[in-house]
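Each protein sequence line maps, in turn, to chains B and F. Oh and the first sequence: position 356 is 356 in UniProt numbering, straight run, nothing missing. Oh and the second sequence: position 207 is 207 in UniProt numbering, straight run, nothing missing.
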Amino acid sequence: MKSFERRPSVAERRSPFVGSASTNNTPTPMVVPHLAGIEDPVPETTPEKVDVLIAGTGIVESVLAAALAWQGSNVLHIDQNDHYGDTSATLTVDQIKRWVNEVNSGKLAPYSNAKLYVSTNVGRNYKSRDFGVDLSPKLLFANSDLLSILVKSRVHQYLEFQSLSSFHTFENDSFEKLTNSKQEIFTDNNLPLMTKRNLMRFIKFVLNWEAQPEIWEAYSERSIYDFLTEKFKLDKAQTFELIFSIGLCYNIETVTPKALQRIRRYLTSFDVYGPFPVMYSKYGGSGEVSQGFCRSAAVGGATYKLNDKLIDYNPETKIATFKDGSKVTVMEKVIMSPTQAPEGCANIPKQQFEIHRLICIVEKTCNQWFADGESAAVVVFPPGSLKSNNTQVVQAVIQGSNSETCPRGTSIWYLTSAEQGPRGEIDLDAALEALENSLLRETSQDIVNDSDIVQVGPEGQTIINSVKLGQSFKEYVPREKLNFLMKFYFTQHTSTPPFNIVASSLFDMQDDNRLIPGASDNGIIYTPMPSAEISYDEVVTAAKVLYEKIVGSDDDFFDVDFEDEDDNAMTNNPDYENAIASNSDEDIAMGDSGEPVGEMEI
Amino acid sequence: MHGIKRRNWSKEQLELKRKNDAIKIKQYKSLNDTLLKGKHEKIYDLNHLELTETLLKQNPEFNTIWNYRRSIILSLYDSLDIKFWQNELYLLLQILKDYPKVYWIWNYRLWILQNYPKQERLATWENELKMVYKLLDLDSRNFHAWHYKRVLTDEINKMTDKTNIESQFIYSTTMINKDISNFSAWHQRTLLLPTILKTNKDLASIEKEVDYIVNAMFTDPEDQSIWYYMNWFINNYTSAINLIELKEKIEMINNDELEFSGKENIWCLKLLINIEKLTANDTSIIVEYLTKLIQFDYQRANRYKFLLEKCGSSSVN
């Protein structure tokens, strides 16, 4: 097998016996276990008998493999590719070229319509493996089930996370920076007083919305837009921010309870590890996280094989046959990603929903969109904000070079739409054009020192008023051109509805005993393809449901006991054990500190 | 609040805890007896100094022992070198990390600072100030730390013959911006604002202050810190403020609350009473507000009833 170029793996980036180079003050050295096929050679032989065979090393399969391995199951985890990640892979430019060819030759059924442009500069000024492009870009909420499992399983120790606090809403041809924290609402001089009041009231409500049905019950079947504008009297700008940037909902019709849950997800994630709601893993998104879980599974005893493909499974004899002729008896279940299905398969669930992705590498930094010290941002294009008159949202994740997924001076833009049919691609093109124009406008030299646009903030910092930028420069025609190093478009198909979390009924439908004569994949359970959801929220749900199908219950899902239990670097918060839990009024009793603040007469 | 977790114990855990505690209690009692005896007999030696440390680490609330430690130090003063004093500050910091809200530790720390050998005095006090800023970063609402910071800045200003009232004011603003409910920061503001208003028109003016408070009220009208500050402000600058305009803003919040939840905001009502007293002082209006307060703040109904009676018997004030 010809070996292709790839990006350095987690273990190769760190010396295995020394603490990570980028965090010199890490007290305990951490050993990153090796992965078969990357740092370790792939084992020559496969075991004769395993409990579970998993095909595909995408994020759901990897989390499942680790959970099963730690539970004590004997797992064989294979992938037909020469790299880890499958549907969650982080690929180099050359790997993308190969991938596009596979898609267009019909070998990767859940994908279609792949198009790729690569500038000749890649190969000349840049190396292909300087870039790490995610097939499914994902963000990690600070308060989420995947994060707690990352910590519990200690997989977080193999990874490095960076914060993302910059969320923009594109409206009226310009970017609005999100006003989401109490501090921002308090200190924002442009927000009218009543808007402050309504916004804060809503934020307080939504943190505990389920306990207050009297406020939202009348809207339980109605859209969040109606709820926010009628009940909380919020105007369109704030409503759109809440629905599309904070809630990351996909259209204006999203029903109230569902949207409230999504809005709360953002707010309860804020300030968990710092003043940001989400994180992403450095060096690549879900590809890195998948790899981390594979490493954990390997430590737990799972066997790994790359470049291996199942060609047939017989549910009667429980014998799985691989393309090299080797066989293995699978005692429990075969779990498989639809991308890894054998020829002659007939049991893949219908992948009726489309996700359109446009991934661009541009030769420009996008630092003006990032918060200080960060290297990524989210830009949301609400329905109706684009030239294409989009009815569904377009979400963009922008990553700069400090994320270590692209070289200095370049950025990666991930645009996603869950619009169905050809309109999806049209919306993405319109969003790309809007991003391109905004970037050129904002970086143009003509506007530097324009006092209307550049303001000085209360603490002396410069604030670029992007609202004004959009308005005053609407007619401005950029002279500069943006260089694209890569433009990469594809459609991905999934059984999970847009922005939804996988439903457990998906797996019930493909439950045993419905053998299709002659099919090569009878008895195999297929994992869901990634949905358009920007967060990892679906991953743990899907892995848990599959785990329950195999083990019988999800009680001991990642019930991992490590010997040195108390040594947990990530939860090192100041915790004053002795201090008595007190209510917020405590400071009022200021016995010792000088005069009281005037007696309140009443 | 303040990042403190509540802990739930299971039955088995409780039993185990009791067993372990019994041993600790025995040790503690014997230590306690030794030290009280030593104090009574005025034994001032290094051995007892060390024992006080052991006990205070376990129970920093025992002020008698802090006093005993002071007595020992004073009696051994001449034999203690600079290292001892440095160590003392370090030790206290360790205890403070576990018990950040014990009065006696803070008092004792200040005492150490005041009795510190003269040679490195200013540097030590300035280091102390840095430490307290760090502590406020960790818990911005620790009022002990705020008080300690004030003592430190006053003393450092005296030593250096400088004033930093403006940067103090900016610091309090920054802290309020970060957390509107930080009453310690609002309190700090009350101590600084009168001077700033006289000396630095760019930094603060009555108009700016009204604007700031109104913004805070609209951001979080359920937070009492703001209302307490507001009340202090209008009591002290009654004639300088446009109370009618302010009253309209408060009524706006209150009406909005009534429309949303069917209840009026009790803080609005309380402040409206005060404004009424400071302006027209119409008893019938005050009676109306008090009647509403009985309804909307039922837990304090008797207090309002008492005030109503006062209104009835005499014209107010």
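Every residue, glycine too, gets a C-beta built ideally from N, C-alpha and C.
Cutoff 8 Å: residue i Cβ touching any chain B Cβ
i: F/N255; result: no
i: F/N115; result: no
i: F/D220; result: yes
i: F/A216; result: yes
i: F/I285; result: no
i: F/F260; result: yes
i: F/N177; result: yes
i: F/I226; result: no
Own chain residues within Cβ distance below 6 Å of residue i, not counting five before or after
i: B/L260; result: V206, W209
i: residue 352 of chain F; result: Residue coverage of chain F in this structure runs from 1 to 317, which leaves residue 352 of chain F outside it and unanswerable.
i: B/T46; result: S326, V328
i: B/D51; result: S73, N74, M331, E332
i: residue 320 of chain F; result: One cannot answer for residue 320 of chain F here, as it falls past the ends of chain F, which runs 1 to 317.
Three-way DSSP call (helix, strand, coil) for residue i in this model
i: B/F232; result: coil
i: B/W413; result: strand
i: B/S22; result: Per-residue confidence for B/S22 stands at a pLDDT of 46, beneath the threshold of 50, marking its modelled position as unreliable; the derived number appears in the next sentence. The answer is coil: DSSP assigns B/S22 none of H, G, I, E or B.
i: F/I241; result: coil
i: B/D79; result: coil
i: B/I54; result: strand
i: B/E538; result: helix
i: B/I38; result: coil
i: B/S472; result: Confidence is the limiting factor: at B/S472 the pLDDT is only 41, short of 50, which leaves the residue's position unreliable, though a coordinate-based value still follows. Three-state result, B/S472: helix.
i: B/S466; result: Low confidence applies to B/S466: its pLDDT is 42, below 50, so where it sits in the model is not reliable enough to give any reading.
i: B/I215; result: helix
i: F/Q299; result: helix
i: F/I180; result: coil
i: B/F353; result: strand
i: F/E120; result: helix
i: B/F488; result: strand
Any C-beta of chain F under 8 Å from that of residue i
i: B/M200; result: yes
i: B/L234; result: no
i: B/R98; result: no
i: B/R13; result: no
i: B/R265; result: no
i: residue 605 of chain B; result: Missing from the structure shown is residue 605 of chain B; chain B here goes from 1 to 602 and no further.
i: B/N572; result: Note that B/N572 scores 40 on pLDDT, short of 50, meaning its location in the model is unreliable; the coordinates nonetheless yield the value given after this. False, the Cβ-Cβ gap to chain F never drops below 8 Å.
i: B/I464; result: The predicted position of B/I464 is uncertain, since its pLDDT is 44 and thus under 50; no value can be drawn from it.
Cβ shell of residue i (< 7 Å), same chain only, five flanking positions each side left out
i: B/P43; result: A36, T303, K305
i: B/F227; result: W216, Y219, T256
i: B/V93; result: V118, V122, S128, F131, M486
i: B/E39; result: S9, A11, E12
i: F/R303; result: none
i: B/S286; result: I59, S88, D134, S136, K138
Spatial neighbours of residue i in its chain, beta-carbon cut-off 8 Å, leaving aside the 5 residues before and after
i: F/S225; result: I180, S181, N182, F183, W186
i: F/L56; result: F62, I65, W66, R69, I95
i: B/S558; result: One point to set straight first is that residue 558 of chain B is Phe, not Ser, in the sequence displayed. Only A66, A67, W70, I149, K152, S153 meet the Cβ criterion.
i: F/C311; result: T283, I286, V287, L290
beta-carbon residue i near the ligand MG non-hydrogen atom, thresh 7 Å
i: B/F167; result: With respect to small molecules bound, the structure shown includes none, and the ligand MG cannot be examined in it.
Contact list for residue i against chain D, beta-carbon separation under 7 Å
i: F/I180; result: The structure shown contains no chain D; the protein chains it does contain are B and F.
Taking Cβ-Cβ distances below 8 Å as the criterion, which residues of the region 238-250 of chain B are in contact with chain F? Cβ contacts with chain F come from no residue of the region 238-250 of chain B.
Count the CB pairs spanning the region 127-142 of chain B and the region 527-539 of chain B that are closer than 8 Å, and state whether there are at least three. Yes: the two stretches touch, three or more of their Cβ pairs being nearer than 8 Å.
Near-chain F residues of the region 180-195 of chain B - C-beta to any C-beta below 8 Å: If the cut-off is 8 Å between Cβ atoms, the region 180-195 of chain B has K182, Q183, I185, F186, T187, L193, M194 near chain F.
Pull out every residue of the region 48-71 of chain F whose Cβ sits closer than 9 Å to any Cβ of chain B, in chain order. Residues passing the 9 Å Cβ filter: P60.
Any 3 or more C-beta pairs closer than 8 Å across the region 51-62 of chain B and the region 267-278 of chain B: They do not touch, by the three-pair rule.
Pairs of beta-carbons, one from the region 306-321 of chain B and one from the region 429-443 of chain B, closer than 8 Å: are there three or more? By the Cβ test, the region 306-321 of chain B is not in contact with the region 429-443 of chain B, since fewer than three Cβ pairs between them sit closer than 8 Å.
Counting pairs of Cβ atoms below 8 Å between the region 232-240 of chain F and the region 191-211 of chain F, do you hit three or more? The region 191-211 of chain F and the region 232-240 of chain F touch, with three or more beta-carbon pairs separated by less than 8 Å.
Quick test of the definition: if touching needs 3 or more C-beta pairs under 8 Å, does the region 403-422 of chain B touch the region 363-372 of chain B? They touch, by the three-pair rule.
The region 521-533 of chain B / the region 154-167 of chain B touching (three or more Cβ pairs under 8 Å): Too few Cβ pairs lie closer than 8 Å, so no.
Okay, do the region 186-198 of chain B and the region 415-424 of chain B touch, 3+ Cβ pairs below 8 Å being the bar? Of all C-beta pairs linking the region 186-198 of chain B to the region 415-424 of chain B, fewer than three are shorter than 8 Å, placing the two stretches out of contact.
Quick test of the definition: if touching needs 3 or more C-beta pairs under 8 Å, does the region 350-357 of chain B touch the region 545-560 of chain B? Not touching, per the Cβ criterion.
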